[in-house]
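Participant:
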Amino acid sequence: MKVENPAAFRFIMQDDLYLLPGDMLTVSGASDTENVPAPISPPVIETQKPAFNYMGNNRQHFLVLVFYPAHEFMHDAHLTALTNTLSRKGLDIADVAILNLSNCAEAAFAEIVEQLSPKKVLILGNDILPADLPALTLNKPELVGAILMLKTFGFGEMMDSNDKKKAFWEQVKNF
């Protein structure tokens, strides 16, 4: 039986109770610190890494970096030209990841690599280089770490120049 109020014992038990000295419990080291709650540490807030919005399924781990501030991914005519170029190499949009850096300008290249795990990176244009990316030579494939990278002209530059289109295709077909 559980009794919450000790004064109720006199109504429940009519016999007298005596506490013998041998039955007493010894309490050692009792202090007020037992009642003090442990300090609560603030919760650890882990910053979430941004999820990049890219076009394609990245099946071949082929990343295409573009810069189109007025579009979600690419200008339609430029996307058609890129699709045609990829099809000549035996690839399609599902094989690549097209990332518009105007939508994630603050993103570091290391974050992009961590999330997308590219084996090849095609950079279309000079104005899209992430800050932590080493300087690359135009139209020359370079190995950066374990990633093969090619920086070339953007489609905006190539649409009006056949020489730039030829230089682009010569590098991309072997990339």
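If you're matching positions, the sequence shown starts at 19 in my numbering and goes up one per residue.
C-beta: ideal position from N, C-alpha, C; glycine also.
Taking all protein chains shown into account, decide if residue 180 is buried (16 or more other Cβ within 10 angstroms of its Cβ) or exposed.
Facilitator: Looking at its Cβ environment, which holds fewer than 16 other Cβ atoms inside 10 Å, residue 180 is exposed.
Participant: Using 8 Å as the cut-off, can you tell me whether the region 154-162 makes contact with the region 99-111, which would need three or more C-beta pairs spanning the two stretches below that distance?
Facilitator: Result no; under three Cβ-Cβ pairs closer than 8 Å.
Participant: Name the one or two DSSP bridge partners that residue 167 has.
Facilitator: Per DSSP, 139, 160.
Participant: Decide yes or no for the touch test of the region 124-132 against the region 85-105: beta carbon pairs closer than 8 Å, at least 3 of them.
Facilitator: Result no; under three Cβ-Cβ pairs closer than 8 Å.
Participant: Taking residue 69 as the reference, which of 169, 165, 122 has the closest Cα?
Facilitator: Measuring from the Cα of residue 69, the nearest candidate turns out to be 122.
Participant: Who are the near neighbours of residue 134 in its chain, counting only those whose CB is closer than 8 Å to its CB and skipping five residues on each side?
Facilitator: Cβ neighbours of residue 134 beyond the five flanking positions: 70, 72, 76, 79, 81, 115, 117.
Participant: Measure the CB-CB distance between residue 146 and residue 168 and report whether it falls below 8 Å.
Facilitator: Going by C-beta atoms, residue 146 is not nearer than 8 Å to residue 168.
Participant: Report yes if the CB atom of residue 125 is closer than 8 Å to the CB atom of residue 148, and no otherwise.
Facilitator: Contact: yes.
Participant: Could you check whether residue 193 and residue 159 sit closer than 8 Å to each other, using their CB atoms as the reference points?
Facilitator: For residue 159 and residue 193, yes; Cβs fall inside 8 Å.
Participant: Which residues bound the alpha helix (DSSP H) around residue 8?
Facilitator: In the structure as shown, the chain starts at 19 and stops at 193, and residue 8 therefore has no counterpart that could be examined.
Participant: Between which residues of its own chain and residue 199 is the CB-CB distance below 8 Å, once the five residues before and five after are set aside?
Facilitator: The requested residue 199 does not occur in the structure, where the chain is confined to residues 19 to 193.
Participant: Compute the distance between the beta-carbons of residue 119 and residue 83, then report whether it is under 8 Å.
Facilitator: Yes, Cβ-Cβ distance for residue 119 and residue 83 is below 8 Å.
Participant: For residue 27, count the other beta carbons within 10 Å of its own beta carbon; 16 or more makes it buried, fewer makes it exposed. Which is it?
Facilitator: Exposed: under 16 other Cβ atoms inside 10 Å.
Participant: Quick test of your reading: residue 99 and residue 173, contact by CB under 8 Å. State the CB separation rounded to the nearest angstrom.
Facilitator: Residue 99 to residue 173, Cβ: 6 Å. Contact.
Participant: Exposed or buried, which one is residue 31 when buried takes at least 16 other CB atoms within 10 Å?
Facilitator: Its Cβ having fewer than 16 others within 10 Å, residue 31 is exposed.
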